[in-house]
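Presented below is the structure to which this report refers.
In structure tokens:
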């Protein structure tokens, strides 16, 4: 939970003066999100989210994210849609940070995942993939296979004795992934961070997606593999095959997977597990004392990685 | 900024099931407030605030606060109004904590205080005092003169060498306040925490008051003295007499002060300064490493206290 940058009423009113959004009625910082500062802004016209992009987001990537949301919203997907100011610009500056106002997406994220949620998620993700196919901007995924080794090295595990065993395991896993990472699967624009808190529901129906700040151009099925990890394990670490099958079936109801994509799911799931394992490990080892945001436990993803290392094929995910 | 207790969608939906407030549309934790956990809840009917009362709030005091808000709202003041469930109860339990839903008060708090804000504040506070005169519940102010000595003792300043000089100064000040604290001034229901972040404005007009969780039965003019400290000093520590005069004139436009109340303002301001100095000092000395909420600087109120110690009478506050 975090608001890193405070905004004064005067600063906000001056900022809103560049938009046609009516008068300010209220605003409050939102205690969710770990990368950027988010504010709920109500005006006489509507409710919006104002985001201030903090230092972990690369400024050069912002046009990719903003235009992607606009692209998807135009195609009818329920995602935050960037609101232009009177001058047409969606990205401007507030308090020394890049800032944008986006529309508010109704919905609640599901803490308790039911299999039917996974089916909704799969179908919604596939719709997003299809809608993103003609998005013309490209952003390389700096957290895919080429990015893992430098991240692993920067964790500097050999320096810490208790991590020696993990260092050797991950080193071997990285060699395996680097050697076997699929090269010919369909590529497109993926969300790349579809954790439950970025997927909204109204009742049992998926109502929208938020937080496109890891979106990139990468293997489409990799997004599915991320969700296998983020949605299909129980809190005790066990893998729920019913949820996995629902996820894939939901996806295929919109965009059927090729045989090659299905066959690649185990290695994509291993890659996705190591991606979140490494970023969490890095944050775990490097978070400052008394940081506002408690780092997430990397061991959760170590356990998930081991599960995927042990599967013999896509049948382990309920695929027939 | 803080949300101490997380709520799941399922818990919230079950909780909302006890109300007639329509379907849940969205909810998010609010990164403001340091005592309780607050959530912005939107339903198909309206927008509300859900508060979970954390351990610093005494459960036995909650009916006083809740009923006070209801009392003031009924009299037309724009304050959060407790929303009853279908069974008529406003105070219930969620996630092991007392919880209440209140109406949302539109407005924005002013980071930059103009003298005209102080006039609005004075008039609004006086209206609140008048409206509270026939509120029939009583809550003693445990942070008034009788409470300061125990709080001072619990800070245990003699244990820390750098605080020895402050210990002696505050000890003398407490003796002075205990000997001269006024006993016969008009008493009523006061807010007791009217800092700028608890007072909302829409444009230049005061739109409402929030956060009644320090409200109590005490000297009415003490509320005014709290605002002299919280609203009339500049960030460089200088006292702005124009703001003070606006505050008192605004107050008197609704409820004129007696000669005794005016004469007592300097000592009430000293008392209010030591009250916030002591609670901040206590929090400063006792906050846990890595606490979510950064404690406020007690020295700000030490400086304010010294200002009031030096005034010769109410004329120092711009009163003629």
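Chains as they are written, first to last, in the working numbering: chain A, 34 to 353; chain B, 34 to 353.
From the three backbone atoms N, C-alpha and C, an ideal C-beta is built for every residue, glycine too.
Alpha helix (DSSP H) runs contained entirely in the stretch 195-242 of chain B, provided each spans 4 or more residues
With a minimum length of 4 residues, the unbroken runs of alpha helix (DSSP H) contained wholly in the stretch 195-242 of chain B fall at 197-213.
Closer than 9 Å, Cβ to Cβ, to anything on chain B: give me those residues from the stretch 45-65 of chain A, in chain order.
Within the stretch 45-65 of chain A, contact with chain B at the beta-carbon level (separation under 9 Å) is assigned to 45, 46, 56, 57, 58, 59, 60, 61, 62, 63, 64, 65.
Of all the options 343/B, 92/B, 255/B, 328/B, which has the alpha carbon lying nearest to the alpha carbon of residue 218/B?
Numbered from its first residue, the second chain carries residue 218/B at position 185. Distance from the Cα of residue 218/B is smallest, within the candidate group 343/B, 92/B, 255/B, 328/B, for 255/B.
Classification of residue 327/B by the beta-carbon crowding that lies within 10 angstroms, buried from 16 upward:
Indexing the second chain from 1 puts residue 327/B at position 294. Label assigned to residue 327/B: exposed.
Any beta carbon of chain B sitting closer than 8 Å to that of residue 128/A?
Here residue 128/A is taken as the residue at index 95 of the first chain, counted from 1. Not closer than 8 Å to any Cβ of chain B, the Cβ of residue 128/A fails to qualify, so no.
Just to confirm, are residue 116/A and residue 81/A a CB contact at a threshold of 8 Å?
As a working mapping, residue 116/A is identified with position 83 in the first chain. As a working mapping, residue 81/A is identified with position 48 in the first chain. Remark: C-beta atoms of residue 116/A and residue 81/A approach each other more closely than 8 Å.
Supposed contact pair residue 154/B and residue 280/B - C-beta distance, whole angstroms, cut 8 Å:
Reading the second chain from its first residue, position 247 is the one you call residue 280/B. Reading the second chain from its first residue, position 121 is the one you call residue 154/B. Correct: roughly 6 Å between the Cβ atoms.
Please classify residue 291/A as buried or exposed, where buried requires at least 16 neighbouring CB atoms within 10 angstroms.
Walking along the first chain from the start, residue 291/A turns up at place 258. Answer is exposed; the Cβ neighbour count stays below 16.
Three Cβ pairs or more, each shorter than 8 Å: is that satisfied between the stretch 53-65 of chain A and the stretch 54-69 of chain B?
Because the criterion of three Cβ pairs below 8 Å is met, the stretch 53-65 of chain A and the stretch 54-69 of chain B touch.
Against residue 142/B, what residues of chain A qualify as contacts under a CB-to-CB distance less than 8 Å, listed in chain order?
Reading the second chain from its first residue, position 109 is the one you call residue 142/B. Within 8 Å Cβ-Cβ: 42.
Is it the case that the stretch 161-173 of chain B contacts the stretch 215-232 of chain B, given that we only count it when at least three CB pairs across the two stretches are under 8 Å?
Judged by Cβ distances under 8 Å, the stretch 215-232 of chain B makes contact with the stretch 161-173 of chain B, as three or more pairs qualify.
Residue 215/A: which of 278/A, 239/A, 296/A sits nearest, CA to CA?
Residue numbering aside, residue 215/A sits at position 182 when the first chain is read from its first letter. Ranking the options by Cα distance to residue 215/A, first place goes to 296/A.
Residues in the stretch 146-163 of chain B with C-beta within 9 Å of chain A's C-beta atoms, listed in sequence order?
The residues in question: there are none.
In chain order, what residues of the same chain lie with their CB nearer than 7 Å to the CB of residue 45/A, ignoring the 5 residues before and after it?
Numbered from 1 along the first chain, position 12 holds the residue referred to as residue 45/A. Counting only Cβ-Cβ distances below 7 Å, and skipping sequence neighbours, we find 57, 60.
So that I know if they touch, is there some Cβ in chain A lying closer than 8 Å to that of residue 34/B?
Taking the first residue of the second chain as 1, we reach residue 34/B at position 1. Any reading at residue 34/B must be qualified, since the residue scores a pLDDT of 36, below 50, and its modelled position is unreliable; the value itself is stated next. Taking Cβ atoms only, chain A reaches closer than 8 Å to residue 34/B, which makes this a yes.
Tell me which residues of the stretch 67-84 of chain B have at least one Cβ-Cβ distance to chain D shorter than 7 Å, keeping chain order.
Chain labels in this structure do not include chain D; the protein chains are A and B.
When you compare the CB positions of residue 184/A and residue 311/A, do they come within less than 8 Å of one another, or not?
Locating residue 184/A in the first chain gives position 151, where the first residue counts as 1. Locating residue 311/A in the first chain gives position 278, where the first residue counts as 1. Yes. Within cutoff.
Quick check on residue 292/A: does DSSP put it in helix, strand or coil?
Along the first chain, one-based indexing puts residue 292/A at 259. In the structure shown, residue 292/A sits in a helix (DSSP, three-state: H, G or I).
Residue nearest to residue 88/A in terms of C-alpha spacing, selected from 130/A, 74/A, 50/A
What you label residue 88/A is simply residue 55 of the first chain in a count that begins at 1. Among 130/A, 74/A, 50/A, the Cα nearest to that of residue 88/A belongs to 130/A.
Reference residue 437/A; option with closest CA among 304/A, 159/A, 348/A
Residue 437/A lies beyond the stretch modelled for chain A, which goes from 34 to 353, so this question has no answer here.
Coarse secondary structure for residue 398/A, derived from DSSP in three states:
The first residue shown for chain A is 34 and the last is 353, placing residue 398/A beyond what the model contains.
Mind checking which residues open and close the beta strand (DSSP E) that includes residue 97/B?
Residue numbering aside, residue 97/B sits at position 64 when the second chain is read from its first letter. Element bounds for residue 97/B: not the beta strand (DSSP E) but the alpha helix (DSSP H), 95-107.
Exposed or buried, which one is residue 205/A when buried takes at least 16 other CB atoms within 10 Å?
Reading the first chain from its first residue, position 172 is the one you call residue 205/A. Label assigned to residue 205/A: exposed.
Since residue 354/B contacts residue 258/B with CB under 8 Å, what's their CB separation in whole angstroms?
The first residue shown for chain B is 34 and the last is 353, placing residue 354/B beyond what the model contains.
Please confirm if residue 139/A has its CB atom under 8 Å from at least one CB of chain B.
Against the first chain, residue 139/A aligns to sequence position 106. Chain B, which has a Cβ nearer than 8 Å to the Cβ of residue 139/A, makes this yes.
6 Å Cβ shell around residue 118/A - same chain, five flanking residues per side excluded:
For the purposes of this step, residue 118/A is identified with residue 85 of the first chain, where counting begins at 1. These residues qualify, in order along the chain: 51, 52.
Return the bridge partner residues of residue 141/A from the DSSP annotation.
As a first step, residue 141/A is located in the first chain; it is residue number 108 there, counting from the start. Under the DSSP definition of a beta bridge, residue 141/A partners with 234/A.
Buried or exposed: where does residue 166/A fall if 16 or more other Cβ atoms within 10 Å of its Cβ makes it buried?
In the first chain, counting from the first residue as 1, residue 166/A sits at position 133. Exposed is the call here.
Let me check understanding here. Comparing Cα to Cα, which of 285/B, 339/B, 317/B, 276/B lies closest to residue 145/B?
Counting from 1 along the second chain, the entry for residue 145/B is found at position 112. Nearest of 285/B, 339/B, 317/B, 276/B to residue 145/B, Cα basis: 276/B.
Name the one or two DSSP bridge partners that residue 83/B has.
Residue 83/B sits at position 50 when you count from the first residue of the second chain. BP columns for residue 83/B point to 72/B, 134/B.
Cutoff 7 Å; reference residue 270/B; Cβ partners in own chain excluding five residues on either side:
Taking the second chain and counting its residues from 1, the one referred to as residue 270/B is at position 237. Exclusion of the five residues before and after residue 270/B leaves 336 as the residues of its chain whose Cβ lies within less than 7 Å of its Cβ.
Cβ shell of residue 320/A (< 7 Å), same chain only, five flanking positions each side left out:
On the first chain, position 287 is the one that residue 320/A refers to. So the qualifying residues of the chain are 328.
Count the other C-beta atoms from every protein chain shown that fall within 10 angstroms of the C-beta of residue 251/A, then say buried if there are 16 or more, exposed otherwise.
For the purposes of this step, residue 251/A is taken as residue 218 along the first chain, with counting starting at 1. It counts as buried.
Which of the three DSSP states is assigned to residue 31/A in this structure?
Past the boundaries of the shown model lies residue 31/A; chain A is included only from 34 to 353, so the question cannot be answered.
Can you look up residue 256/B in the DSSP assignment and give me helix, strand or coil?
As a working note, residue 256/B is residue 223 in the second chain. Residue 256/B: helix per DSSP, three-state reduction.
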